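Top line first, the protein sequences correspond to chains F and W.
At position 123 of the first sequence (counting the first as 1) the number is 123 in my numbering, and the numbers step up by one without a gap.
All you need for my numbering is the position in the second sequence, starting with 1, plus 184.
Glycine is no exception: its CB is placed at the ideal position from the N, C-alpha and C atoms.
Fair warning: this is a prediction, and the values are worked out from it, not measured in the lab.
Protein chains: 2
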Amino acid sequence: MATDRDSVLEAAVGVLSRRPTAHLDEIARAAGISRATLHRIFPGREALIREVGATGLRRFAAALDTAQIDTGDAQSALRRLVDALVPDAALCAFLAGENQLYDDPEINELWEIQDARVRALFLRGQQQGVFRIELSAAWLSEAFFDLVAGVGWAVQDGRLAPRDSAYSLAELFLGGALRSPDQP
Amino acid sequence: MATDRDSVLEAAVGVLSRRPTAHLDEIARAAGISRATLHRIFPGREALIREVGATGLRRFAAALDTAQIDTGDAQSALRRLVDALVPDAALCAFLAGENQLYDDPEINELWEIQDARVRALFLRGQQQGVFRIELSAAWLSEAFFDLVAGVGWAVQDGRLAPRDSAYSLAELFLGGALRSPDQP
DNA sequence: AAAGAATGAGACATCCACGTCTCATCTGAC
DNA sequence: GTCAGATGAGACGTGGATGTCTCATTCTTT
Numbered sequence: 001m002a003t004d005r006d007s008v009l010e011a012a013v014g015v016l017s018r019r020p021t022a023h024l025d026e027i028a029r030a031a032g033i034s035r036a037t038l039h040r041i042f043p044g045r046e047a048l049i050r051e052v053g054a055t056g057l058r059r060f061a062a063a064l065d066t067a068q069i070d071t072g073d074a075q076s077a078l079r080r081l082v083d084a085l086v087p088d089a090a091l092c093a094f095l096a097g098e099n100q101l102y103d104d105p106e107i108n109e110l111w112e113i114q115d116a117r118v119r120a121l122f123l124r125g126q127q128q129g130v131f132r133i134e135l136s137a138a139w140l141s142e143a144f145f146d147l148v149a150g151v152g153w154a155v156q157d158g159r160l161a162p163r164d165s166a167y168s169l170a171e172l173f174l175g176g177a178l179r180s181p182d183q184p
Numbered sequence: 185m186a187t188d189r190d191s192v193l194e195a196a197v198g199v200l201s202r203r204p205t206a207h208l209d210e211i212a213r214a215a216g217i218s219r220a221t222l223h224r225i226f227p228g229r230e231a232l233i234r235e236v237g238a239t240g241l242r243r244f245a246a247a248l249d250t251a252q253i254d255t256g257d258a259q260s261a262l263r264r265l266v267d268a269l270v271p272d273a274a275l276c277a278f279l280a281g282e283n284q285l286y287d288d289p290e291i292n293e294l295w296e297i298q299d300a301r302v303r304a305l306f307l308r309g310q311q312q313g314v315f316r317i318e319l320s321a322a323w324l325s326e327a328f329f330d331l332v333a334g335v336g337w338a339v340q341d342g343r344l345a346p347r348d349s350a351y352s353l354a355e356l357f358l359g360g361a362l363r364s365p366d367q368p
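Pasting the structure below:
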């Protein structure tokens with residue numbers, strides 16, 4: 001059943017994004033199954049990690065698709081991306097913390113593709129005059145992903161309400177921490 | 185010799201901030217010593233991790249001191265903090281990635297103190313009318329730390345020039361990604 | 001109800017990193 | 001030159017997580 005795999009992956013993300021070194025016992029318990037069944041679904045720890053990473057990147061790509069980041073003005077596109085990405089923020093947190101994943105050429109290539117898409121969005125926004133040109137598109141892209149991961153961690157730990165997460169992310173990233181002089 | 189400990193800690197940060205599960209062999213090699221000597225300096229892996237964490241928090245506290253974050257207007261204080269913190273960004277990246285550290289009550293308490301100081305800075309800035317009040321001080325504090333850690337990773341991986349890091353961090357965090365309408 | 005599959009619990013064996021040890025080598029002080 | 005201390009290299013035992021196995025139990029299907 002695909003549902004089994006998915007629910008296990010979901011549980012694995014919840015545990016691994018917080019503690020990447022969690023034992024398989026813990027992951028199995030979080031998924032509500034036994035360690036034996038976990039091994040029946042995934043050949044081993046490495047395969048599980050790989051699968052979680054691949055799932056994360058697929059969801060990331062899907063969020064880029066649904067947000068239609070190549071359409072319309074860049075600011076709206078980014079806001080759509082935030083909305084599409086926030087539900088999977090935990091997955092992004094996992095991707096950000098698991099540097100080991102990028103030893104895998106396949107995973108790495110998948111990541112490069114998505115990262116390039118986000119960079120293109122910022123570049124487009126800079127050409128539109130929407131985004132600041134003093135900051136490189138690469139840095140904007142990286143910082144954006146850092147903040148998405150930060151949202152994932154904060155929500156998981158209860159430091160940020162899920163309801164506030166999209167707003168907090170978009171407003172801080174787009175407008176910064178400073179109070180706008182023209183909005184008193 | 186204190187120099188030995190410090191240089192080993194420095195090397196450990198460099199390795200552990202990228203791969204928290206790195207073997208002691210690797211850390212020893214990065215420090216230019218043998219695994220035996222590493223064990224002579226630190227009783228074991230746990231002690232080493234703890235020490236790195238404690239060092240990171242001490243440096244973080246020192247940066248808060250040198251920046252005098254309680255003095256003057258909040259924006260200038262934050263800019264001073266960025267300048268003081270950026271040299272230790274890798275250390276912050278390590279702290280951000282090593283959630284396991286916060287199981288230790290002593291480390292956790294030390295972290296809470298520093299985090300409260302940063303939160304107080306943002307609260308003060310909000311009361312001064314400098315920082316936006318739509319975003320909670322806790323979120324501003326957390327997001328700021330996420331970006332500092334992100335700078336640490338990016339610099340270590342060569343994706344961000346150290347020379348640009350303080351500027352990129354301060355500008356993005358304070359002003360956001362949007363181009364200011366009053367600065368054409 | 002009965003047969004089959006799926007699962008959980010637990011018992012192993014294996015592997016790998018860690019921690020400890022010894023010994024040879026190197027360095028520096030006298 | 002000699003000796004004491006420090007270091008490196010390597011061997012060795014240990015612990016813990018992983019991977020594989022068996023068997024009893026439960027759930028599903030007919």
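query: Kindly identify the DSSP beta-bridge partner or partners of W:His362.; result: Here the sequence assigns Leu to residue 362 of chain W, which means His is not the residue at that position. Answer by DSSP bridge pairing, in chain order: F:Phe131.
query: Out of F:Gly150, F:Leu147, F:Val155 and F:Val130, state which residue places its alpha-carbon closest to the alpha-carbon of F:Ala77.; result: F:Val130
query: I'd like to check one pair, F:Val86 with F:Val151: are the Cβ atoms closer than 8 Å?; result: yes
query: At a Cβ threshold of 8 Å, is F:Asn108 touching chain W?; result: no
query: For W:Ser325, report the span of its alpha helix (DSSP H) as first-last.; result: Ala321 to Gln340
query: Beta-carbon of W:Arg343 versus every beta-carbon of chain F: anything under 8 Å?; result: yes
query: Whose Cβ in chain W lies nearer than 7 Å to the Cβ of F:Ser168?; result: Leu319 and Trp323
query: Using 8 Å as the limit for Cβ to Cβ distance, is W:Glu282 near chain F?; result: no
query: Can you list, in chain order, the stretches of the beta strand (DSSP E) that have 3 or more residues and sit fully within the region 31-65 of chain F?; result: none
query: Going along chain W in order, which residues have a C-beta closer than 7 Å to the C-beta of F:Thr37?; result: Per Cβ cutoff of 7 Å: no residues; F:Thr37 is ~26 Å from chain W at best.
query: Quick one, which of F:Cys92, F:Ser136, F:Val118 and F:Gly125 has its alpha-carbon nearest F:Ser17's?; result: F:Cys92
query: Three-state secondary structure (DSSP) at W:Gly281?; result: helix
query: Per the contact definition of three or more C-beta pairs closer than 8 Å, is the region 338-350 of chain W in contact with the region 130-143 of chain F?; result: yes
query: Rounded to whole angstroms, what's the CA-CA distance from W:Gly359 to F:Val15? Just pull it up for me.; result: 35 Å
query: What's the call for W:Arg363, buried or exposed, on a 16-neighbour Cβ count within 10 Å?; result: buried
query: Would you mind sorting W:Ser218 into buried or exposed? The rule is 16 or more other CB atoms within 10 Å of its CB.; result: exposed
query: Under 8 Å between the Cβ atoms of W:Leu222 and W:Val192?; result: yes
query: Leaving out the 5 sequence neighbours to the left and right, which residues in its chain are closer than 6 Å to F:Thr55 when beta-carbon positions are compared?; result: Leu9
query: Measure the beta-carbon distance from F:Leu57 to F:Gln114 and round it to whole angstroms, keeping in mind my assumption that it falls under 8 Å.; result: 6 Å
query: Would you mind telling me which residues of chain W sit closer than 8 Å to F:Leu85, beta carbon to beta carbon, in chain order?; result: Residues of chain W passing the Cβ test: none, with the nearest at roughly 15 Å.
query: Out of curiosity, what's the CA-to-CA distance linking F:Met1 and W:Ile317?; result: Caution is warranted here: a pLDDT of 49 is assigned to F:Met1, below 50, making its placement in the model unreliable, and the coordinate value is therefore given only provisionally. One C-alpha to the other measures close to 48 Å.
query: For W:Asp330, decide whether its Cβ has a neighbour in chain F, counting only Cβ atoms nearer than 8 Å.; result: yes
query: Using alpha carbons as the reference points, say which of F:Val148, F:Pro20 and F:Tyr167 lies closest to F:Ala89.; result: F:Val148
query: Tell me which same chain residues have a C-beta within less than 6 Å of the C-beta of F:Leu101, skipping the five on either side of it?; result: Gly53 and Ile107
query: So that I know if they touch, is there some Cβ in chain W lying closer than 8 Å to that of F:Phe173?; result: yes
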